[in-house]
Amino acid sequence: MFVGPANAGFNNTVLADKDFKNTPAGDVVDKLIDEWKFQTKEIKADGKGSIEIPLFHGDYNITVKDPVSSSLTAFSYKMTKDVTRDTVHLRINA
């Protein structure tokens, strides 16, 4: 039989209270999730046209802009748990 968090003795580790408001533990988890989210970023390539980006598992929409011609190339990329390191080569003919 299940009893409520206060009666079970684990009310200090729950993420939300009985009114669904964050507890301090819930605030910590929310902050961690926000830190883990990959925000939209603008990254410039080095002199060889290369960049290296660490990614979490997930789906990404990537847009590459040629600074000379301003042409855009967009593609989707999926980072899975089975891929520990990957290289994507993209050639833009400006």
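In terms of our numbering, the sequence shown is residues 2 to 95.
Where is the CB? At the ideal position from N, CA and C, for every residue including glycine.
Computed from a prediction, not measured in an experiment: that's the story for all the values here.
Taking the continuous beta strand (DSSP E) assigned at residue i, which residues delimit it?
{"i": "Ile44", "result": "Counting along the chain, Ile44 falls outside any beta strand (DSSP E), and DSSP gives it neither H nor E."}
{"i": "Ala17", "result": "Premise fails: Ala17 is in no beta strand (DSSP E) and is neither H nor E."}
{"i": "Gly59", "result": "59–66"}
{"i": "Thr74", "result": "73–80"}
Out of the options, point me to the one whose CA is closest to residue i's CA.
{"i": "Ala26", "options": "Asp60, Asp35, Thr14", "result": "Thr14"}
{"i": "Val69", "options": "Asp35, Lys45, Phe39, Ile54", "result": "Lys45"}
{"i": "Phe56", "options": "Asp18, Thr88, Asp20, Phe21", "result": "One detail in the question is off: residue 56 reads as Leu in this sequence, not Phe. For the residues Asp18, Thr88, Asp20, Phe21, the minimum Cα distance to Leu56 belongs to Thr88."}
Going by DSSP, what residue range makes up the alpha helix (DSSP H) through residue i?
{"i": "Gly27", "result": "25–37"}
Can you give the Cα-Cα distance for residue i and residue j, rounded to whole angstroms?
{"i": "Leu16", "j": "Ser51", "result": "42 Å"}
{"i": "Val84", "j": "His58", "result": "9 Å"}
{"i": "Val65", "j": "Lys79", "result": "16 Å"}
{"i": "His90", "j": "Lys42", "result": "19 Å"}
{"i": "Thr24", "j": "Leu33", "result": "14 Å"}
{"i": "Glu53", "j": "Asp31", "result": "28 Å"}
{"i": "Asp18", "j": "Gly48", "result": "53 Å"}
{"i": "Arg86", "j": "Val29", "result": "30 Å"}
In chain order, what residues of the same chain have a beta carbon less than 6 Å from the beta carbon of residue i, not counting five sequence neighbours either side?
{"i": "Asn62", "result": "Ser77"}
{"i": "Asp60", "result": "Lys79"}
Keeping to the same chain, check which residues put their C-beta closer than 7 Å to that of residue i; ignore five residues upstream and five downstream.
{"i": "Thr81", "result": "His58"}
Hey, is residue i's beta-carbon within less than 8 Å of any beta-carbon in chain C?
{"i": "Asp67", "result": "Protein chains in the displayed structure number just one, and chain C is not present."}
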